[in-house]
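The numbering of the sequence shown is numbering that gives the first Met the number 0, which starts it at 0 and goes up by one.
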Amino acid sequence: MVTSDRDTISGKLKYDMETNIVSLVVGPKVHTFSSHKIFYFEINDQILNTYRQFYSIPSKVNFDYKIPILFELLYEGPLSLLTREAIIQQAQSANSPYWGGSNYSRTVVEYSFYFLDTKGEITYFTGRKKDLLLIMRKKQADIKKYMKDNHLDSDDVRDLIRITAFFNSI
Numbered sequence: 000m001v002t003s004d005r006d007t008i009s010g011k012l013k014y015d016m017e018t019n020i021v022s023l024v025v026g027p028k029v030h031t032f033s034s035h036k037i038f039y040f041e042i043n044d045q046i047l048n049t050y051r052q053f054y055s056i057p058s059k060v061n062f063d064y065k066i067p068i069l070f071e072l073l074y075e076g077p078l079s080l081l082t083r084e085a086i087i088q089q090a091q092s093a094n095s096p097y098w099g100g101s102n103y104s105r106t107v108v109e110y111s112f113y114f115l116d117t118k119g120e121i122t123y124f125t126g127r128k129k130d131l132l133l134i135m136r137k138k139q140a141d142i143k144k145y146m147k148d149n150h151l152d153s154d155d156v157r158d159l160i161r162i163t164a165f166f167n168s169i
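Here's what the structure looks like:
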């Protein structure tokens, strides 16, 4: 992890996207940092078997007020793709032929996607194709054709990364 003071600290890391807090275990000590004190951190996610990068980026929480929020970087370029994850409880009902059936809840990870432009503006992405084309309006015709030719969906993460890379390449 690199702090906002440009200090580099290594250790076992745990992050909480909801509260924008990172805990770092270094030897016997636990250090806790808010997004105000973090510049960047990276992890080798053993569960997903991937390398992940996170940045603390000032984001509007009100029309005239910005605070640093933790985002995961999925693709970096003139138009960067970011995500935030949230752990939520999802109510499920088991299909049962009997009256009442059974209901249960399960924990799932839900992702929200954002685009960061060269001016530092962050735009929330709904996952809908028309909203993606609006965000990428300068090259909308090319994006539409690329998505159609390659059978890409705007609500699939891998496809969204490919679309963003293509947008940045033209």
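Backbone N, C-alpha and C fix where the C-beta goes; we use that ideal spot for every residue, glycine too.
Predicted model, so just to flag it, every value in this text is computed and none were measured.
Item: Own chain, CB closer than 7 Å to leucine 159, minus 5 neighbours either side, in chain order; Value: Leu80, Phe112, Ser153
Item: Identified DSSP bridge partners for threonine 2; Value: Ile37
Item: At least three beta-carbon pairs within less than 8 Å, the region 71-85 to the region 18-26; Value: no
Item: Reduced DSSP secondary structure (H/G/I, E/B, other) of serine 32; Value: The residue asked about is misnamed: residue 32 is phenylalanine in this sequence, not serine. Residue state, collapsed to three classes: strand.
Item: Buried/exposed call for isoleucine 169, threshold 16 Cβ in 10 Å; Value: exposed
Item: Phenylalanine 114 beta carbon less than 7 Å from that of threonine 125; Value: no
Item: C-alpha distance - aspartate 4 paired with lysine 36, whole-angstrom precision; Value: 8 Å
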